[in-house]
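Each protein sequence line maps, in turn, to chains A and B. Heads up: the first sequence is residues 448 to 941, going by my numbering. Heads up: the second sequence is residues 448 to 941, going by my numbering. Here a beta-carbon is modelled for each residue, glycine too, at the ideal position from N, C-alpha and C. Inspection log for the structure reproduced underneath, given as structure tokens.
There are 2 protein chains.
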Amino acid sequence: MKLKIRDMDVATGGPLVAILNKDDAQKLDLHVMDRIKIKKGKKTETVVVDIAASRKSVKPNYIGLFEEVIDSLKLKNNQIVDISIARKPLSLEFIRKKMDGKKLNKKEIDQIVWDIVNNKLSSIELTYFVAACYTNAMSTEETIILTKSIAYHGDTLKLDKYPIIDKHSIGGLAGNRTTLILVPIIAAAGFIMPKTSSRSITSPSGTADTMEVLAKVSFSLKEIKKIVLKTNGCMVWGGALNLAPADDKIIMVERPLGIDAESQLLASIMAKKHSVSSTHILIDIPVGNHAKVRNKTEALKLKKDFETIGKRLKKHIKVIITDGTKPIGKGIGPALEARDVLWVLTRDKRRPLDLENKCIKMAAEIFKMLKIKDGEKKTLDLLNSGKAYKKMAEIIKAQNGKSIKPEKIKIGKFIFEVKSKKKGIIRNIKNSIVTKTARVAGAPVNKGAGIYLHKDVGNKVKKGEKLFTVYAESKQKLNYAKDILKEESPFVVK
Amino acid sequence: MKLKIRDMDVATGGPLVAILNKDDAQKLDLHVMDRIKIKKGKKTETVVVDIAASRKSVKPNYIGLFEEVIDSLKLKNNQIVDISIARKPLSLEFIRKKMDGKKLNKKEIDQIVWDIVNNKLSSIELTYFVAACYTNAMSTEETIILTKSIAYHGDTLKLDKYPIIDKHSIGGLAGNRTTLILVPIIAAAGFIMPKTSSRSITSPSGTADTMEVLAKVSFSLKEIKKIVLKTNGCMVWGGALNLAPADDKIIMVERPLGIDAESQLLASIMAKKHSVSSTHILIDIPVGNHAKVRNKTEALKLKKDFETIGKRLKKHIKVIITDGTKPIGKGIGPALEARDVLWVLTRDKRRPLDLENKCIKMAAEIFKMLKIKDGEKKTLDLLNSGKAYKKMAEIIKAQNGKSIKPEKIKIGKFIFEVKSKKKGIIRNIKNSIVTKTARVAGAPVNKGAGIYLHKDVGNKVKKGEKLFTVYAESKQKLNYAKDILKEESPFVVK
């Protein structure tokens, strides 16, 4: 069937979609989410069908194309293309299989990943895959296949160096900005640590969001290679690269509900490590009632899964289980966290000691993997001598940054202070409420939004003493945060 | 923030969506799938945010609106509207809760249903709800709440009559067109049976698809009332009504993967029965390896659930478990099934006896519920006397139909006959392959497409004897069907 192109002037942001008029669709018996092949010269592209539900939009004999398709086939408005019926992607059967709780094999997972990367699935179909893996957890074997498949269907960073250090902290814990302290320490010690990080999905800030307060985080692989060869390290946003495009698309549909399936979590992390050719990887699993990993049993299972997958990918893996019962650090939100990080590196007396101690422990674990003795002492030397801070300044400069002074970081102007209603000891700081409040206040999009915790668990407080401050960049968002706090306070004082 | 409307000239077919330019979105910290309030005069509407991913589409200071929003607020191109940040729908938290396997209460389910009916959820968000209910089955209590909620958020057919008869056969079985025979029988016996049916999701034809071969099936509630008061019965498409709009939207996202969660199945069926004020309902659960219900245990659970929900809704319910191991009837596909139905009603010698016997049994069960003795004899009398056929002709006429003669029904012109490769006994006819082949051949959209089964399970066949014929309305689709049959035949001859 020959149809005339109507450029819809809209991008879907992913799936390849074409809109047909109802009459034309009926002639070919096409339904919403069926597939057609569009032919232009020698090039063809299979796309998802949508049918004009409206009175005008796409007239008979026309085909409405979104920009992804226009670009892919290099088409122009009013050109004629030839369309024919195509079969639905094979992946749909495999996704359905997973929905039914069955296991997928290599061929099936590869097909799904290929279809995701090549924009062959509609967002509804991709959502079913994510939902299926969330509720019917993938086996270790499936996860290994998924990991390799995601890495295979993407670009790789090759540095021709050994060893290449990497780390990952499982998200879900407010603060916990260890990467920004660890990378300068390890790089200052002379080791290569090309760290790619994500932006936040459910937390008040991701490592990339926080680093962005200090420097640029979007670079090409070529630029990253240059930065790392110059400074030994980098802290960049993985999403701007094409390391694991399938994963990036999966995260897009995870976002609305803030879900994160274990198999996808594992595959997502390990695929990216694989893509940057890491050889030694430290994994940090914070465990706590309100963290992503709720209890030790879950953590031990995850630890085992990481070790198994690491082994299969021929990598040195060390997994540590850490305290995830409360936020780590005092600042929560991009700018507040960046300031904490710089305070640790500049040995400022306001630095959060829980964050510092965790980083020292983690650095020591990395040194141990590298057969270096007295890791804790070495780490403290690198911090106290200013070598780690100097390295941080070097990396920030290499990443086109400026703000290397903590006092120059802009914090939200709209402020709300919460004081203790009674005298007592702080028994708990609820991570989930800290997270919710910081996000509602605007983090991570408003860099200066978030929460600053004046007190830590175990501290004594007097009645009327400051517990925490909420920062926002607009009055409206501050009010939303206040609403959240009316329902429940993150601090338990007894 | 004031923005100028750009009419996108496209309908989403459901969710209320607005597209913002990247710059404007950043000013208000809006992300994809956030919500904004659009204000025009005194009317406001909360809509889902999408962000222009493209180079042009929506310029700064503009807001791209899809037709649903344009219509809802009665807006025009280039008008100015005022937008502000709105909170995300509460349902998202409840959907997440269900994803995590927890139970939902009345308030939560009502909120989800309200948000679905009012187009407040994006299709990704709705998909998560459907997926969650599929993998984490709802409890009976949740299902009852969902049923009532779906019925409450829709229109109702009120006839002021008692009793009002209804029936439902669980789908998934090819053929099985009992409604089109039962309604004329019951209506001919003087009882009211206002039957609304669905179109097919996963099968070669739904009752509405098959009835559409004979008459119109889309009517307003007012028209249906008129038809029923005149003829005692009707066989109309429920989807054209607003009986259970939430369910219609749920079915839309179920379609791409062809899934159907048990709780949604129950709620979907019972809500519609509730909406047409049925008092006596017969439920038919076909059980078979390839039917929707796979085994007796599942069927008994479903039976109990139907009875429990029926009781709570104060309805007389009778559930029968029937043979679902093979297709019922000879014709599979809208036109072929309609011909079977008319052959049964006209007592033609070509009529499928398995379908006829099932209908006699079902009619007898309905008469038993109505305290009428000798139901089987009464049913046979109504069939043999021609009263049921006369009633069918009356209803078809009332529904603006013409084709009441079986020989006038158009069957697909492209034909492929499959003969037995050996002598033996037919041990099995695989429902799943019959379904797949008929659908690939074009059913249900191509009314004349489908399969005609010349032989039934238990029949003896000689080598070279005809087993079945595939009908299609285009050569291409016939070829697709042949491809399917190359992989596996629906007939097991041993």
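Kindly indicate which residue of the options has the alpha-carbon position closest to the one of residue i.
{"i": "A/A738", "options": "A/V881, A/R786, A/H763", "result": "A/V881"}
{"i": "B/K595", "options": "B/P692, B/A499, B/L688, B/A634", "result": "B/P692"}
{"i": "B/V917", "options": "B/K777, B/V904, B/A662", "result": "B/K777"}
{"i": "B/A761", "options": "B/I767, B/I768, B/F753", "result": "Note on residue identity: the sequence assigns Lys, not Ala, to residue 761 of chain B. Measuring from the Cα of B/K761, the nearest candidate turns out to be B/F753."}
{"i": "A/G905", "options": "A/P891, A/K941, A/I498, A/K933", "result": "A/K941"}
{"i": "B/H891", "options": "B/G735, B/A465, B/P651", "result": "Sequence check: residue 891 of chain B is Pro here, not His. Among B/G735, B/A465, B/P651, the Cα nearest to that of B/P891 belongs to B/P651."}
{"i": "A/R741", "options": "A/F513, A/I517, A/V464, A/N878", "result": "A/N878"}
{"i": "A/S921", "options": "B/A811, B/L475, B/I527", "result": "B/L475"}
{"i": "A/K614", "options": "A/I730, A/L712, A/E670", "result": "A/I730"}
{"i": "B/P781", "options": "B/R646, B/G735, B/L467, B/I842", "result": "B/R646"}
{"i": "B/C681", "options": "B/T755, B/D695, B/N689, B/S665", "result": "B/S665"}
{"i": "A/I862", "options": "A/F814, A/K487, A/F915", "result": "A/F915"}
Take residue i and list the residues in its own chain whose beta-carbon comes closer than 6 Å to its own, dropping the five residues that flank it on each side.
{"i": "A/L573", "result": "V700"}
{"i": "A/A888", "result": "A896, V917, A919, K924, A928"}
{"i": "A/I706", "result": "Y581"}
{"i": "A/K855", "result": "none"}
{"i": "B/D562", "result": "P536, S538, L568"}
{"i": "A/A840", "result": "I851"}
{"i": "B/D481", "result": "V496"}
{"i": "A/T657", "result": "R624, P781, E784, A785"}
{"i": "A/L661", "result": "A785, I843, G848, S850"}
Looking at the C-beta of residue i, does it have a partner C-beta in chain A at a distance below 8 Å?
{"i": "B/R543", "result": "yes"}
{"i": "B/L539", "result": "yes"}
{"i": "B/S504", "result": "yes"}
{"i": "B/I532", "result": "yes"}
{"i": "B/M448", "result": "no"}
{"i": "B/M546", "result": "yes"}
Buried or exposed, going by whether 16 or more other CB atoms sit within 10 Å of the CB of residue i?
{"i": "B/D470", "result": "exposed"}
{"i": "A/T744", "result": "exposed"}
{"i": "B/I617", "result": "buried"}
{"i": "B/D795", "result": "exposed"}
{"i": "B/N623", "result": "buried"}
{"i": "A/L800", "result": "exposed"}
{"i": "B/R798", "result": "buried"}
{"i": "A/I527", "result": "exposed"}
{"i": "B/G653", "result": "buried"}
Go through its chain and collect everything with a Cβ distance to residue i's Cβ below 7 Å, but skip five positions before and after it.
{"i": "B/K426", "result": "Beyond the ends of chain B as shown, which are 448 and 941, falls residue 426 of chain B; an answer cannot be given."}
{"i": "A/L551", "result": "F541, K544, K545, E589"}
{"i": "A/K907", "result": "I872"}
{"i": "A/S710", "result": "C580, A584, M585, E589, T590, L593"}
{"i": "B/I819", "result": "K825"}
{"i": "A/A714", "result": "T590, L593, T594, I597"}
{"i": "A/Q558", "result": "L537, S538, F541"}
Answer yes or no: does any C-beta atom of chain B fall closer than 8 Å to that of residue i?
{"i": "A/S644", "result": "no"}
{"i": "A/A458", "result": "yes"}
{"i": "A/Q558", "result": "no"}
{"i": "A/V740", "result": "no"}
{"i": "A/M640", "result": "no"}
{"i": "A/M809", "result": "no"}
{"i": "A/M480", "result": "yes"}
{"i": "A/V892", "result": "yes"}
{"i": "A/M839", "result": "no"}
{"i": "A/M455", "result": "yes"}
If you drop the 5 nearest sequence neighbours on each side, which residues of the same chain put their C-beta closer than 8 Å to that of residue i?
{"i": "B/Y609", "result": "T726"}
{"i": "B/R702", "result": "I648"}
{"i": "A/V577", "result": "I697, V700, E701, I706, A708, Q711"}
{"i": "A/T755", "result": "T587, I591"}
### Members of the segment 570-584 of chain B that neighbour chain A once the beta carbon cut-off is set at 9 Å
S570, I571, E572, L573, T574, Y575, V577, A578, A579, Y581, T582, N583
### Task
Select from the segment 689-714 of chain A all residues with a C-beta closer than 9 Å to any C-beta belonging to chain B, and list them in chain order.
M699, V700, R702, P703, L704, G705, I706
### Task
Compile a chain-ordered list of the residues in the segment 904-933 of chain B whose CB is closer than 7 Å to at least one CB of chain A.
For the segment 904-933 of chain B, which is checked against every Cβ of chain A, the residues closer than 7 Å are Q923.
### Query
If contact means a Cβ-Cβ distance below 8 Å, which residues of the segment 654-665 of chain A contact chain B?
If the cut-off is 8 Å between Cβ atoms, the segment 654-665 of chain A has nothing near chain B.
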